[in-house]
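Trainee:
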Amino acid sequence: MIEEGLRKGLRIIPIVDKEIRQLIRDPKTILMVLLMPIAVTILFGYGYGGKGAGKYPITVVDLDGREGAFKFIQELKNSKMFEIKAVYKSKGQGFSSVYSGTVYASLIIPETFTEDLMRGRPTRVELYYDASNPSVAQMIMQAVGVVTQQYQEWAASKFGTFTIKPMFYTIYGPKIEKIESFIPILMAMILQMVPTSLISVSICREREKGTFEQFIMTPVRVSDIIFGKLAAYFLATISDAILSLLTAILLFDVKLRGSFFDMAMVSTVFLLNSLSLGLLISVFSKNQLQAYQASIFSFIIFILFSGVFVPVDVLSPEAKLIASLVPMYYFVTAFRSVSLKGWGLLMVSEQLLTINIFTLVFLLLSLRFLRMEVI
Amino acid sequence: MLEIIEPSVEEVLAVEARGLTKKFGRFVAVDHLNLNIRKGENFGLLGPNGAGKTTTIRMITGVIKPTEGYVKVFGIDVAKERKKVLRLIGYMPQKFSLYEDLTVEENLKLYGRLQGLIGSALKERVRYLLEKFYLWEFRRRLAGKLSGGMKQRLALATALVHNPELLILDEPTAGVDPPLRRKFWEYFRELNSEGKTILVTTHYMDEAENCDRLALMNRGRIIAEGTPQEIKRKALGGDLVEIKFEGNLDPLKLPGVKLVVEGTADRYLLVVEDAGSYLPQVVRRAEELGAKVLVASPVYVSLEEAFIRFMGEEE
């Protein structure tokens, strides 16, 4: 006979062992865990085009300071596509507003702008945009193009024929390819969809098949079940994250700026969150169908409010509130910073902490509401 | 109708239920049930489908909570100290409840480990049970690929993995062929002789004859309880005897006769209070009355008949 305490501690190990054996033997799991990330990565790599809507926050650097520039800024405001956060007098301020992530782009009006205009000389405006958010960058470039075009027509009728050329410059590295900037979105989808839906059926399947009745005739505790399943599914789905990263790197020659360790850590934090959410769904679902529906529903909400399609900054206050309750939003922000901007873990600690708080809440609710009863 | 057996001061009952009730919405599945199962006995719970047998058993194992009343297992309240109770109970649910995607051996090992067995103790127990229930050669087969009989054997082995004092079996022989059914019951006897208590539900009346005591359930209540013999007596109001004779005989003049079931010129089927003590008196009296008794013997009554009578009274 062994000590009581030791037996209690050891009870989680057979559960982890059992769950992993079951996962490995289920062809559906293999398909989801191994093929889904690869398939989704490939689909994204080849076919994704981004769209955005709403007002984009930008800053303007007015080096000219005369009527021509004022009129251009007025034109930007009239277009209703931009929210001008600030008008600076130096390029440095403009750059740092983009570097710090406050705005998506900074528009620079050169010193000779009004003079060029009055003399009918060709001139230009310069847009420095954050390329790590390609869908937004694309929208801003288009909008600036439209505004410049309109402004040019007005100016041409007044001062004679000439051209205003918008020049575009990327910040955060000149060689950010499209697929690279989609990696955070891709990782968010894969780390949410597969783990949540997989684990969401784990407890209710036991109820449905009747195995739960025998299982709870042993001295297992609620915490043994919750943490046993969490550990097993974590081990099974961590490969998801690695596989998607590898697929992207090998197939599309993606070059990420972040360290692999930092990206793995951010992914791990979010993976645990997805699994905890799945467990919570499983605790409350009566059967597998219900669980699948709940995980798909949560996935749709998450995707919509994660800033993947529409930047959260341009959403209405109500929608912003919802986004603030979506862990995926924090993950996308954190992973984007780490993978594309090369930030360290410390710089995204706020997001990581927020995700962990969600995880903790999901787990506590699961522990509280898992009934050790049948029916 | 119900007699409650009061336990003596020292005797702790294996199962003691008082006022046990389970309601599902407005439907009362189990209705103020009292149950006394003594240590070491084989107690059968019988009744038609929907009588509340499985619900009763699930309340005893604690996998569902009673709406009212309580159950104690070896004196321990199931609702309050379920953890302690779990070590004492081995449970085989009605539906096969083991993991179909684990092998025979993996299932047994899992449950052994969850019950706290490790190392060589676990290994030996698993091997013993695999051999005992003729599962050794199938130990690497997935439980989902087993035949019905093998599944039942595995389920029984799993229920016994921690050598429990009380074995609770919900329809253990459903879908099991007759030779294996017999083996199961032989094994139950063996466990009883080791002092283990068994609570079993069954549809098969011939099996129920093997129980030490029975309770017949209908619509959530116990309508009869006792040894198989007692139950039959209660159903008929006594024992059934057959008399074949020559000459004239008025059955109502015979001692202890409660009912004439059938009567012809040379044969009566009678219910007497107690066949053992009244049959010699019946023969003596019949001879005194001038008839020549050719045959006088108790008639075997099946439990099925007894139960049909009880159910009829219920209607």
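Heads up: the sequence lines are chains A and B, in that order. Residue numbering for the first sequence follows our numbering, beginning at 542 and increasing consecutively. Residue numbering for the second sequence follows our numbering, beginning at 1410 and increasing consecutively. All C-beta atoms in this analysis are idealised placements derived from N, C-alpha and C, irrespective of residue type, glycine included.
(1) Tell me whether R1549/B is buried or exposed, calling it buried when 16 or more other Cβ atoms sit within 10 Å of its Cβ.
(2) Under 8 angstroms, do T655/A and E608/A count as touching if we go by C-beta distance?
(3) Jot down the residue ranges of each uninterrupted alpha helix (DSSP H) in the region 1601 to 1678 of chain B, minimum 4 residues, whole runs only, in chain order.
(4) Are the Cβ atoms of S808/A and L732/A separated by less than 8 angstroms?
(5) Closer than 7 angstroms, Cβ to any Cβ of chain B: which residues of the region 744 to 761 of chain A, in chain order?
(6) According to DSSP, is N1443/B helix, strand or coil?
(7) For I649/A, write down the residues that DSSP places opposite it in a beta bridge.
(8) Using a Cβ-based criterion (distance less than 7 angstroms to any ligand heavy atom), does Q690/A qualify as near the ligand ATP?
(9) Using beta carbons (cut-off 8 angstroms, strictly below), is E560/A in contact with chain B?
(10) Provide the residue span of the alpha helix (DSSP H) that contains K612/A, from first to last.
(11) So what does DSSP say about I916/A, is it helix, strand or coil?
(12) Cβ closer than 7 angstroms: which chain B residues qualify as neighbours of R909/A?
(13) Indicate whether L1507/B and A1617/B have their beta-carbon atoms separated by less than 8 angstroms.
(14) Is the Cβ-Cβ distance between A1624/B and L1454/B less than 8 angstroms?
(15) Report yes or no: do three or more beta-carbon pairs, one from the region 730 to 746 of chain A and one from the region 762 to 777 of chain A, lie closer than 8 angstroms?
(16) Determine the contact status of M1626/B and A1460/B, defining contact as a CB-CB distance below 8 angstroms.
(17) Could you give the first and the last residue of the continuous alpha helix (DSSP H) run that contains F838/A?
(18) Go ahead and pull the three-state DSSP assignment for S917/A.
(19) Can you look up T1476/B in the DSSP assignment and give me helix, strand or coil?
(20) Mind checking who D1579/B pairs with in its DSSP beta bridge?
(21) For chain A, find out if any of its Cβ atoms is closer than 8 angstroms to the Cβ of E1540/B; answer yes or no.
(22) Between P1502/B and chain A, is the shortest Cβ-Cβ distance under 8 angstroms, so that the two count as touching?
(23) Could you tell me the boundaries of the beta strand (DSSP E) in which V1702/B lies?
(24) Measure the alpha-carbon distance for L727/A versus A832/A and round it to whole angstroms.
(25) Return helix, strand or coil for G593/A, following the three-state DSSP convention.
(26) How is M622/A classed by DSSP in three states: helix, strand or coil?
(27) Can you list, in chain order, the residues of the region 560 to 574 of chain A whose Cβ is nearer than 8 angstroms to any Cβ on chain B?
(28) Using the three-state DSSP reduction, which class does F1452/B fall into: helix, strand or coil?
(29) In three-state DSSP terms, what is L776/A?
(30) Would you say I1717/B faces chain A, with C-beta separation under 8 angstroms as the test?
(31) Does R877/A have its Cβ less than 8 angstroms from a Cβ in chain E?
(32) Starting from the Cα of Q1638/B, find the closest Cα among A1684/B, E1420/B and H1441/B and give me that residue.
(33) Give the DSSP-derived three-state secondary structure of M708/A in the structure shown.
(34) Short of 8 angstroms in beta carbon distance, which residues of its chain neighbour L1555/B, apart from the five on each side in sequence? Order them along the chain.
(35) Can you find a CB in chain A that lies within less than 8 angstroms of the CB of L1519/B?
(36) Terminal residues of the continuous alpha helix (DSSP H) containing V687/A?
Mentor: The short version:
(1) exposed
(2) For the pair T655/A and E608/A, the CB atoms are nearer than the 8 angstroms cut-off.
(3) 1614 to 1617 and 1637 to 1645
(4) yes
(5) Answer set for the region 744 to 761 of chain A: G751, T752, E754, Q755, I757, M758, T759, P760 and V761.
(6) strand
(7) V602/A and E667/A
(8) This structure lacks the ligand ATP, and indeed carries no ligand of any kind.
(9) no
(10) Element bounds for K612/A: E608 to N619.
(11) coil
(12) Close partners of R909/A in chain B (Cβ separation under 7 angstroms) are lacking, with about 17 angstroms as the shortest Cβ gap.
(13) no
(14) yes
(15) yes
(16) yes
(17) Q829 to L845
(18) Because chain A here runs from 542 to 916, residue 917/A falls outside it and cannot be looked at.
(19) coil
(20) T1610/B
(21) For E1540/B, the closest Cβ of chain A is not nearer than 8 angstroms.
(22) With 8 angstroms as the cut-off, P1502/B counts as an interface residue toward chain A.
(23) K1701 to P1707
(24) Roughly 23 angstroms between the two C-alpha positions.
(25) In this prediction, G593/A has a pLDDT of 35, which is less than 50 and means its spatial position is unreliable; what the coordinates show is noted afterwards. Three-state result, G593/A: coil.
(26) coil
(27) R562, Q563, R566 and D567
(28) strand
(29) Helix at L776/A.
(30) For I1717/B, the answer is no, since every Cβ of chain A falls outside 8 angstroms of its Cβ.
(31) In summary, chain E is missing from the structure at hand, where the protein chains are A and B.
(32) The residue with the shortest Cα to Cα distance from Q1638/B is A1684/B.
(33) strand
(34) Close CB contacts of L1555/B within its chain, under the 8 angstroms cut and outside five residues either way in sequence, are with V1513, F1547 and L1563 (chain order).
(35) So, interface residue.
(36) P675 to F700
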